[in-house]
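Please read the structure below before turning to the comments.
Number of protein chains: 2
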Amino acid sequence: MNTPNINSVNCNSCPIRHRAVCARCNADELVELDAIKYYRTYEAGQTVIWAGDIMGFVGSVVSGVATLTQTMEDGRTQMVGLLLPSDFVGRPGRDGAAYNVVATTNVVMCCFRKKPFEDLMERTPHIAQRLLVMTLDELDAAREWMLVLGRKTAREKIASLLSIIVRRDASLQSTGLGENVVFDLPLTREAMADYLGLTLETVSRQMSALKRDGVIKLEGKRHITVPSMGRLLEEAGDDSDGGFIG
Amino acid sequence: MNTPNINSVNCNSCPIRHRAVCARCNADELVELDAIKYYRTYEAGQTVIWAGDIMGFVGSVVSGVATLTQTMEDGRTQMVGLLLPSDFVGRPGRDGAAYNVVATTNVVMCCFRKKPFEDLMERTPHIAQRLLVMTLDELDAAREWMLVLGRKTAREKIASLLSIIVRRDASLQSTGLGENVVFDLPLTREAMADYLGLTLETVSRQMSALKRDGVIKLEGKRHITVPSMGRLLEEAGDDSDGGFIG
DNA sequence: AGTCCCAATTGATCTGGGTCAAGGTTAGTC
DNA sequence: GACTAACCTTGACCCAGATCAATTGGGACT
Numbered sequence: 021m022n023t024p025n026i027n028s029v030n031c032n033s034c035p036i037r038h039r040a041v042c043a044r045c046n047a048d049e050l051v052e053l054d055a056i057k058y059y060r061t062y063e064a065g066q067t068v069i070w071a072g073d074i075m076g077f078v079g080s081v082v083s084g085v086a087t088l089t090q091t092m093e094d095g096r097t098q099m100v101g102l103l104l105p106s107d108f109v110g111r112p113g114r115d116g117a118a119y120n121v122v123a124t125t126n127v128v129m130c131c132f133r134k135k136p137f138e139d140l141m142e143r144t145p146h147i148a149q150r151l152l153v154m155t156l157d158e159l160d161a162a163r164e165w166m167l168v169l170g171r172k173t174a175r176e177k178i179a180s181l182l183s184i185i186v187r188r189d190a191s192l193q194s195t196g197l198g199e200n201v202v203f204d205l206p207l208t209r210e211a212m213a214d215y216l217g218l219t220l221e222t223v224s225r226q227m228s229a230l231k232r233d234g235v236i237k238l239e240g241k242r243h244i245t246v247p248s249m250g251r252l253l254e255e256a257g258d259d260s261d262g263g264f265i266g
Numbered sequence: 021m022n023t024p025n026i027n028s029v030n031c032n033s034c035p036i037r038h039r040a041v042c043a044r045c046n047a048d049e050l051v052e053l054d055a056i057k058y059y060r061t062y063e064a065g066q067t068v069i070w071a072g073d074i075m076g077f078v079g080s081v082v083s084g085v086a087t088l089t090q091t092m093e094d095g096r097t098q099m100v101g102l103l104l105p106s107d108f109v110g111r112p113g114r115d116g117a118a119y120n121v122v123a124t125t126n127v128v129m130c131c132f133r134k135k136p137f138e139d140l141m142e143r144t145p146h147i148a149q150r151l152l153v154m155t156l157d158e159l160d161a162a163r164e165w166m167l168v169l170g171r172k173t174a175r176e177k178i179a180s181l182l183s184i185i186v187r188r189d190a191s192l193q194s195t196g197l198g199e200n201v202v203f204d205l206p207l208t209r210e211a212m213a214d215y216l217g218l219t220l221e222t223v224s225r226q227m228s229a230l231k232r233d234g235v236i237k238l239e240g241k242r243h244i245t246v247p248s249m250g251r252l253l254e255e256a257g258d259d260s261d262g263g264f265i266g
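Protein sequence lines correspond, in order, to chains A and G. Numbered as in the working numbering, the first sequence ends at 266 without a single skipped number. Numbered as in the working numbering, the second sequence ends at 266 without a single skipped number.
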């Protein structure tokens with residue numbers, strides 16, 4: 021087991037505090053947030069919560085990667101969200117989880133018990149305002165993904181997924197992106213397939229094809245080098261730099 | 021032309037006022053909202069705004085149907101949102117429109133100039149809270165649609181679309197839904213295809229198939245009778261009553 | 001080193017929905 | 001009431017990606 025040391029996660033690295041609250045929080049509010057804050061850890065593969073179950077907290081991902089998935093009775097499953105560090109989980113004002121949340125790597129989450137958080141939100145307007153902006157961003161991401169699912173070819177889908185992960189990685193480290201990028205895939209081929217509305221065989225074939233064509237290099241199954249981000253974005257079918265944070 | 025009479029649209033039928041604000045607004049806020057409120061009308065087929073253009077207002081649909089679409093350079097287009105009466109358009113805090121907005125029927129929108137609305141939102145916390153809830157609902161709808169796009173067959177996709185339209189119609193009229201439902205499709209076959217990630221030919225074929233199998237009855241091209249909503253939901257592949265407002 | 005296990009790759013074949021093409025329907029216009 | 005222009009339906013054929021079925025590879029245990 022390889023869980024990060026909780027004690028090393030100080031307040032400044034808590035995304036809620038940092039991203040949703042800090043910028044405009046006064047001292048009292050920060051004390052109040054600390055009082056209801058705690059951490060949870062999950063191992064790779066562990067289910068955080070099942071759709072429909074009561075979710076007594078809201079929170080955000082501090083480290084690791086989790087997924088939101090929906091499943092039909094016959095087993096077909098579709099990933100509807102990818103939770104990377106700083107992403108928010110849970111819905112204020114609703115008790116049941118809407119989706120399955122699964123940790124795909126070891127995950128640390130910064131959580132707030134739901135009721136006190138809602139109370140604080142009631143009293144502290146800019147928290148709702150901040151959550152509104154975050155939710156609008158997620159809505160944009162979901163809609164961007166609808167284009168991927170509805171209209172792109174398998175090859176374009178793979179390239180789109182790789183682009184998104186690179187983009188998120190980069191904005192997290194707030195390092196600019198050169199043409200050459202190296203990163204680790206936090207997803208299995210099956211999880212990629214669930215995200216892309218494909219089968220894992222098709223994912224594998226298209227990964228091989230992108231490798232054969234020099235768009236990516238693979239070391240092992242997960243470690244990826246992208247020699248040219250421009251080329252990758254072309255393969256994704258995105259216009260020149262569509263939303264890309266350079 | 022057949023635009024509704026603007027003067028007949030009084031404050032109580034304005035969804036922003038009614039849904040986003042009214043419940044908790046005091047008299048001053050209502051006066052302030054009235055001061056920045058105005059109406060816009062669009063004809064069927066007219067583009068409300070192009071992706072990327074400056075959008076000086078936010079607002080909500082009072083009557084009619086509009087669509088949000090994304091387009092790739094080669095012309096592939098995907099609808100990412102269906103705007104029915106009471107739906108909100110525009111993003112506070114952002115100037116450019118993210119998507120093409122097109123009226124598919126004659127549309128009346130209740131609009132607020134962006135800057136004054138943002139100012140009011142700043143001063144009036146429950147507006148942001150109300151918008152947060154509305155945005156979270158939209159996010160859920162977008163994610164539900166990701167399952168449709170990624171994992172459902174053409175027949176299931178059509179049935180899902182019909183279900184959604186029926187559901188929204190019903191919640192609008194807040195009449196309960198019996199088994200037997202009659203309604204008018206507000207979309208062309210092409211618009212349906214753009215929503216579902218299909219071609220218009222496939223939409224047409226599947227509509228014919230659902231008709232042949234007695235799941236729907238068609239009078240003309242748009243007027244639809246659903247003899248059994250239960251059957252339709254089965255065809256959509258939804259679990260028993262998935263979110264269905266009965 | 002061997003073996004177990006799971007993730008990933010690769011091949012062969014099949015099929016749902018796309019593509020291309022030819023009518024049919026309906027509403028609006030003169 | 002014929003003319004036109006959208007919009008829709010239907011048919012024939014094809015292909016991208018699904019399905020079914022072996023292998024292969026790599027890390028964690030003895």
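Beta carbons are placed, not taken as given, at the ideal position from N, Cα and C, and that holds for glycine. Keep in mind it's a predicted model, so treat the numbers as computed, not measured.
Any chain A beta carbon closer than 7 Å to residue i
i                      : result
residue 111 of chain G : yes
residue 124 of chain G : no
residue 171 of chain G : yes
residue 143 of chain G : no
residue 163 of chain G : yes
residue 100 of chain G : yes
residue 43 of chain G  : For residue 43 of chain G, the predicted structure reports a pLDDT of 42, less than 50, and the residue's modelled location is therefore unreliable. A value from the coordinates is still provided. Output row for residue 43 of chain G: interface = no.
residue 158 of chain G : yes
residue 96 of chain G  : yes
residue 257 of chain G : yes
residue 116 of chain G : no
residue 155 of chain G : yes
Host beta strand (DSSP E) of residue i (start-end)
i                      : result
residue 172 of chain G : Per DSSP, residue 172 of chain G belongs to no beta strand (DSSP E) and is neither H nor E.
residue 133 of chain A : 127-133
residue 226 of chain G : Residue 226 of chain G -> not in any beta strand (DSSP E); alpha helix (DSSP H) instead, spanning 220-232.
residue 79 of chain G  : 77-83
residue 60 of chain A  : 57-62
residue 88 of chain A  : 86-91
residue 244 of chain A : 243-246
residue 69 of chain G  : 67-69
residue 204 of chain G : 201-204
Rounded distance between the beta-carbons of residue j and residue i, thought under 8 Å
i                      : j                      : result
residue 119 of chain G : residue 89 of chain G  : 6 Å
residue 92 of chain A  : residue 257 of chain G : 6 Å
residue 130 of chain G : residue 191 of chain G : Not quite, the Cβ-Cβ distance comes to about 19 Å (not below 8 Å), so this is no contact.
residue 102 of chain G : residue 87 of chain G  : 6 Å
residue 152 of chain G : residue 148 of chain A : 5 Å
residue 159 of chain G : residue 216 of chain A : The pair is not a contact, with the Cβ atoms about 20 Å apart (cut-off 8 Å).
residue 166 of chain A : residue 109 of chain G : Not quite, the Cβ-Cβ distance comes to about 17 Å (not below 8 Å), so this is no contact.
C-beta contact flag for residue i and residue j at 7 Å
i                      : j                      : result
residue 210 of chain G : residue 235 of chain G : no
residue 134 of chain A : residue 77 of chain A  : yes
residue 121 of chain G : residue 69 of chain G  : yes
residue 156 of chain A : residue 111 of chain G : yes
residue 154 of chain G : residue 201 of chain G : no
residue 98 of chain G  : residue 171 of chain A : yes
residue 252 of chain A : residue 179 of chain A : yes
residue 220 of chain G : residue 213 of chain G : yes
residue 126 of chain A : residue 84 of chain A  : yes
residue 174 of chain A : residue 140 of chain A : no
residue 75 of chain A  : residue 117 of chain A : yes
Min CB distance residue i to chain G below 7 Å
i                      : result
residue 212 of chain A : no
residue 251 of chain A : no
residue 220 of chain A : no
residue 225 of chain A : no
residue 65 of chain A  : no
residue 87 of chain A  : no
residue 174 of chain A : no
residue 108 of chain A : no
residue 104 of chain A : no
residue 229 of chain A : no
Start-to-end residues for the alpha helix (DSSP H) that takes in residue i
i                      : result
residue 211 of chain A : 209-216
residue 96 of chain A  : Neither: residue 96 of chain A is in no alpha helix (DSSP H) and is coded neither H nor E.
residue 239 of chain A : First-last for residue 239 of chain A: 237-239, but that is the beta strand (DSSP E), not the alpha helix (DSSP H).
residue 253 of chain A : 249-255
Exercise for the section: May I have a chain-ordered list of the beta strand (DSSP E) segments no shorter than 3 residues that lie completely inside the segment 102-168 of chain G? Expected result: The qualifying runs are 120-123 and 127-133.
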